[in-house]
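Okay, so the sequence shown: first residue is 3 according to this note's numbering, each after it adds one. Note sheet for the following structure.
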Amino acid sequence: FYEGDKYPWLRNRYICADFTSGRVWSFRLRTRDGFATADDTVEHTGRVGATFGGKGPAMAISSFGLDPDGQTLYVLDNKAGRLLRFVE
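Take a look at the structure:
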């Protein structure tokens, strides 16, 4: 769940990825009659870029993380051992 200001298009959205394909999405959670559903799903795979050189996107995303200020969103590529970040 992203609450920062750096990526306004991600604010108040849940972020997820497919480990095998490396694709990344965000969605809003909607509740109705006691049930929750994913709504307004958007793909962001093209916004994942290399942090310390090399190429993006990630191929086997195992986790997400934020910088200490809660603004920059990072992605861990488990297959290649790379740390990548979302680009604006």
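All C-beta atoms in this analysis are idealised placements derived from N, C-alpha and C, irrespective of residue type, glycine included. Only a predicted model underlies this, so the values are computations on that prediction, with no experimental measurement involved.
Taking DSSP's pairing of strands, which residues face residue i in a bridge?
i          : result
residue 75 : 68
residue 27 : 18 and 45
residue 9  : Bridge partners of residue 9: none, in fact.
residue 38 : 33
residue 88 : 50
Is residue i near the ligand NAP, with its Cβ less than 8 Å from a heavy atom?
i          : result
residue 84 : Ligands in the displayed structure: none, and consequently the ligand NAP is not present.
Out of curiosity, what's the CA-to-CA distance linking residue i and residue j?
i          : j          : result
residue 33 : residue 25 : 25 Å
residue 5  : residue 80 : 25 Å
residue 73 : residue 22 : 26 Å
Of the residues the options, which one's Cα is nearest the Cα of residue i?
i          : options       : result
residue 77 : 50, 71 and 70 : 50
residue 62 : 13, 12 and 20 : 20
Original post:
Using 8 Å as the Cβ pair cut-off and three pairs as the minimum, do the stretch 33–44 and the stretch 71–90 touch?
Top reply: Not touching, per the Cβ criterion.
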